[in-house]
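Structure first, commentary second.
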Amino acid sequence: MNNFGKIAAMASLAILSACGNRGTLEPPKGQSLPPAAYGEAERATSEELTTPSTQAQPERSDELLRRSEKRQDDKFDLPPPG
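Per the working numbering, the very first residue in the sequence shown carries number 162; after that it's consecutive.
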């Protein structure tokens, strides 16, 4: 490995080591968290805002198709007009 490769490897390690804030998230100075959602009594915390919901991150379904079934006729599957 030449000097350029060593320097590039060390620089990438230095950059990667700096990625990862371990503290709590807070809004920038002079700004605040978004207002409370309609109907909610209080604002959501930064932890609640950054945690994906189950709808955004659904659980995996491993159910396999056991047998082939003929599709039933769909009376609403109409061709486009015209």
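Note that beta-carbon positions come from the ideal geometry of N, C-alpha and C, so glycine has one too.
Between A217 and E230, the alpha-carbon positions lie close to 30 Å from each other. Taking the Cα of S207 as reference, the smallest distance to any Cα among P189, N163 and G166 is reached at P189.
For the 8 Å CB-CB criterion, R204 and P196 form a contact.
Using a Cβ distance threshold of 8 Å, T211 and L194 do not count as a contacting pair.
S222 and R232 have their alpha carbons spaced roughly 22 Å apart. DSSP places G243 outside both helix and strand once states are collapsed to three, so it counts as coil. In this model, L225 and T215 are separated by some 22 Å (Cα to Cα).
Judged by DSSP secondary structure, E208 falls within the alpha helix (DSSP H) whose first and last residues are S207 to T211.
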